[in-house]
Amino acid sequence: MPTPPVHSDLLPRLLLGEPLGAVLDGLWGLAIVLFVFLPAISAIGFLAIWAERKVAGRLQHRHGPNRVGPLGLLQSLADGIKLASKEDLTPARADVWLFRLAPYLAFPPVFAAFIAIPFGPDWAFEPSLSAGLFWMLAILGVEVIGVILAGWASNNKWSMYGAMREACQLISYEIPLGVSILVVVVSAGTLDLRLLAWQQASSIVKWNIFHDPFSLVAFFVFFTASLASNKRAPFDLPESDSELVAGYHTEYSGLRFSLFYLAEYAAMFVMGAVMTALYLGGWADPLGLLARRYELAAAVPASWELVALNVIATGIFAVKTSTIVFIQMWVRWTLPRPRIDQVLHACLKVMMPAALSLLLASSLWVLLVGRESLVQRVTETILAAGGVAFLLAIFGYCGLAFVQGRSSQYRLGTHPWQSNLPGGGL
Amino acid sequence: MTLGLHHFLFLGAILFACGIVTVLIKRHAIGILMGVELMLNAANLNLVAFDHYTGTAPHGQTFALFVIVIAAAEAAVALAIFMNFHNNFASIDVDRGSELRG
Amino acid sequence: MDVALFYALAALVVAGAIGVVTGRHIVRMAIQLLAALLGVAGLYVLLAAEFIAAAQLVIYVGGTLVLIIFGVMLTARSGTSVLRPSRAEAIVAAVAGLALLTVLCVAIGSTSFPHVIVPRPADAVAPLGGALLNQYLFPFELASLLLLAVMLGAAYLARPLQRRPR
């Protein structure tokens, strides 16, 4: 469907009643970045850190943080206060200037990647980057330099090992990452994230993950490559806690360390957002009601209904991204950590050929099957039905386990899922 | 005052001059490589500026893309040569490589 | 607005370039080169070449600069030795650079370029892709061949040395 025009500066128009000039438009954009994005990213960081510890706790059969605040929600705040009040150490004979610069090269790229994400039909930065997807990939490559610098400037052998491993891993995994993005770009025909989100907005059948079987596999290749690109387990060799103390950020304490930490969780969110916008339909709900309602309301330049629709769209986007982030955390606390040569083997000998052949197959599919043909529609519907059934099965099983686990039988150890061994448990 | 072509051309000239001075002045081989990268960036800036301010799109951008790709290739080969140099002369100082004998 | 952005980015680029020229510590020079490259990428966005800006970041910053920093670390000896040029060399280089700069500035200042107001294209990527696949197809394929040759050559040149038996 042709995309409706973007209602830029929706809120100022509603409040002031007339469109802004060029300078005020720029200032409004700057205000949004400073007063909405920065606090939002910090809040995302806080929540992600809390969620990680809770998820880790539950997966390891313990509670996780539950002392500070209700459900332990203020734990991240307490950690932040602790980190901010620590002594500012710089290792001896380290290059002080570079040591202090490194966190500021690792965090801002992740922050800059947020500007290309389409949170809602209007709430994407205008003028929308026509190469927005490529921009996100590019700006995340600047993070590599920050990490190498951190390892080098610490004047510490273990930090250097962590930094070298990390650089190898990040650069190698950029290739499957980029190529699996290309699989979707070839079938969608645009690099603009806003347009990509609109193309998938009509129903769940149009989501790019269900476009052809190759996109489905490419989603999983992208997921794995994004784990590696984010230094998340099982690819967390750069910061392998049990081997290198803390890898490239061993020597960092206090607020500098919190910048690295925040960068990692913000990058998880960015990767989740890219996956959502690219494969999982962006801000659209599965039935396409939001898009239809938006088209009806899009005639006027500004109205409260548009704002409400955008808020709902952002909520749906956040739910999808949070699911992906939760799966990333789930994987972390489940899988063991491979060696660096196994990691690079997996990248160069498994994922790169797989990604390249998927790109070839997807290009051939688009060429031969076309976009609106019967074969395409049948494939889409079958894949979408399979995907929905699979998701329902997974969530159904998890829900069943949750409900059963709360029963008193489970607590007494007499539930059929529990064995008769001493100590109970599965 | 609106942004014009000459703004970008002056900036390109300054960058190019810095690059040439770096190539002439540095004894560290990788410093020389950095000077070459500065010169290539100056040329690219000129190309893209001409692409935008005269009606020749997208030839300037295509040319700039090729320059970026070939600059990356050239940096890889240059670094391989420097590694070899370092292994043979135990130093990265280009003043040491002043004899033809290997 | 555009002019202010241009001057800010130009200041970043020139600061980085001057840092590379006058730097003595090689890793700091690499970071100043990073600043110059980031500034140039920003200038490309000002010139409505978003794809080239992203390509610059991916290839130059994420590839070439990382390679340069790797090279610096692999060839570092004591890490504190500073290679300084002799005074005569420095003066000759400075004079040459200033002379070149003067000639270029005079040439730019005295030429009147045709000023065509080109509207910002809606899609920055499509014309580029079209040109690459239609007009510039041969250089495109040749560039991939060149990259293959470069990979082979670099892998051969940087191979570990065989220890000569004494």
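Chains as they are written, first to last, in the numbering used here: chain A, 2 to 427; chain B, 2 to 103; chain C, 73 to 238.
No residue lacks a Cβ here, since even glycine has one placed at the ideal position from N, Cα and C.
In this text the structure is predicted, and so the values were computed from the model without any measurement.
Could you check whether residue j and residue i sit closer than 9 Å to each other, using their CB atoms as the reference points?
i                : j                : result
Ile124 (chain C) : Gln62 (chain B)  : yes
Pro287 (chain A) : Ile383 (chain A) : no
Gly152 (chain A) : Tyr249 (chain A) : yes
Leu48 (chain B)  : Ala74 (chain B)  : no
Val180 (chain A) : Ile116 (chain A) : no
Ala168 (chain A) : Val85 (chain C)  : no
Val143 (chain A) : Pro177 (chain A) : no
Gly58 (chain A)  : Pro71 (chain A)  : no
Leu11 (chain A)  : Ala303 (chain A) : yes
Phe17 (chain B)  : Ala44 (chain B)  : yes
What residue from the options has the CA that sits closest to residue i's CA?
i                : options                                   : result
Met352 (chain A) : A:Lys55, A:Val69, A:Asn67 and A:Phe223    : A:Phe223
Gly255 (chain A) : A:Ala85, A:Ala264, A:Met161 and A:Gly316  : A:Ala85
Ala227 (chain C) : B:Met84, B:Val49 and B:Ile26              : B:Met84
Leu310 (chain A) : A:Asp123, A:Arg14 and A:Ala93             : A:Asp123
Leu369 (chain A) : A:Leu281, A:Val326, A:Ala402 and A:Ser188 : A:Ser188
Ala274 (chain A) : A:Phe327, A:Cys169 and A:Leu361           : A:Phe327
Trp284 (chain A) : A:Ala125, A:Pro66 and A:Ala394            : A:Ala125
Gly73 (chain A)  : A:Arg54, A:Lys83 and A:Glu88              : A:Arg54
Gly134 (chain C) : A:Phe220, A:Met137, A:Ala264 and A:Ala154 : A:Met137
Glu265 (chain A) : A:Ala49, A:Trp29 and A:Val24              : A:Ala49
Leu392 (chain A) : A:Thr324, A:Ala164 and A:Met165           : A:Thr324
Pro59 (chain B)  : C:Leu219, C:Ala221 and C:Val197           : C:Val197
Gly438 (chain A) : A:Ser203, A:Leu217, A:Val184 and A:Gln419 : Since the first residue of chain A shown is 2 and the last is 427, residue 438 (chain A) is not available in this structure.
So is residue i buried or exposed if we call it buried at 16+ other beta carbons inside 10 Å?
i                : result
Pro417 (chain A) : exposed
Ser158 (chain C) : exposed
Gln343 (chain A) : exposed
Val37 (chain A)  : exposed
Leu81 (chain C)  : buried
Glu373 (chain A) : exposed
Ser13 (chain C)  : Missing from the structure shown is residue 13 (chain C); chain C here goes from 73 to 238 and no further.
His53 (chain B)  : buried
Met223 (chain C) : exposed
Thr174 (chain C) : exposed
Ile21 (chain B)  : buried
Phe67 (chain B)  : buried
Trp98 (chain A)  : exposed
Gly26 (chain B)  : Here the sequence assigns Ile to residue 26 (chain B), which means Gly is not the residue at that position. Label assigned to Ile26 (chain B): buried.
Asn42 (chain B)  : buried
Lys83 (chain A)  : exposed
Met272 (chain A) : buried
Arg238 (chain C) : Unreliable positioning characterises Arg238 (chain C) in this predicted model, as indicated by a pLDDT of 49, which lies under 50. A coordinate reading is not provided.
Ile182 (chain A) : buried
Thr147 (chain C) : buried
Leu365 (chain A) : exposed
Glu175 (chain A) : buried
Ala385 (chain A) : buried
Pro119 (chain A) : buried
Could you give the residue range of the alpha helix (DSSP H) that holds residue i?
i                : result
Glu252 (chain A) : Per DSSP, Glu252 (chain A) belongs to no alpha helix (DSSP H) and is neither H nor E.
Glu434 (chain A) : There is no way to answer for residue 434 (chain A), as the model of chain A reaches only from 2 to 427.
Gly64 (chain B)  : For the sequence presented, residue 64 (chain B) should be read as Phe rather than Gly. Segment His60 to Phe90, the alpha helix (DSSP H) holding Phe64 (chain B).
Ile49 (chain C)  : Chain C is shown only over 73 to 238; residue 49 (chain C) falls outside these bounds and no answer can be derived.
Trp136 (chain A) : Gly133 to Leu141
Glu296 (chain A) : Leu290 to Ala298
Thr382 (chain A) : Leu375 to Gly406
Ser323 (chain A) : Trp305 to Arg333
Leu294 (chain C) : Because chain C spans 73 through 238 in this model, residue 294 (chain C) falls outside it and cannot be assessed.
Gln76 (chain A)  : Gln76 to Ala85
Trp98 (chain A)  : Val97 to Ala107
His53 (chain B)  : Ala30 to Tyr54
Arg54 (chain A)  : Leu39 to Leu60
Gln343 (chain A) : Ile341 to His346
Leu139 (chain C) : Val138 to Leu146
Ile90 (chain C)  : Asp74 to Thr94
For the putative contact between residue i and residue j, defined by C-beta atoms under 8 Å, what is the C-beta separation to the nearest angstrom?
i                : j                : result
Leu34 (chain B)  : Ala76 (chain B)  : 6 Å
Ala390 (chain A) : Ala278 (chain A) : No, Ala390 (chain A) and Ala278 (chain A) are not in contact; Cβ-Cβ is about 24 Å, not under 8 Å.
Asn157 (chain A) : Thr91 (chain A)  : With a Cβ gap of about 12 Å, Asn157 (chain A) and Thr91 (chain A) do not count as contacting.
Ala108 (chain C) : Val92 (chain C)  : 7 Å
Leu194 (chain A) : Gly133 (chain A) : 4 Å
Trp208 (chain A) : Leu281 (chain A) : 6 Å
Leu204 (chain C) : Phe212 (chain C) : 5 Å
Asp94 (chain B)  : His29 (chain B)  : 7 Å
At 8 Å on the CB atoms, spell out the chain F contacts of residue i, in chain order.
i               : result
Ile33 (chain B) : Among the protein chains of the structure shown, namely A, B and C, there is no chain F.
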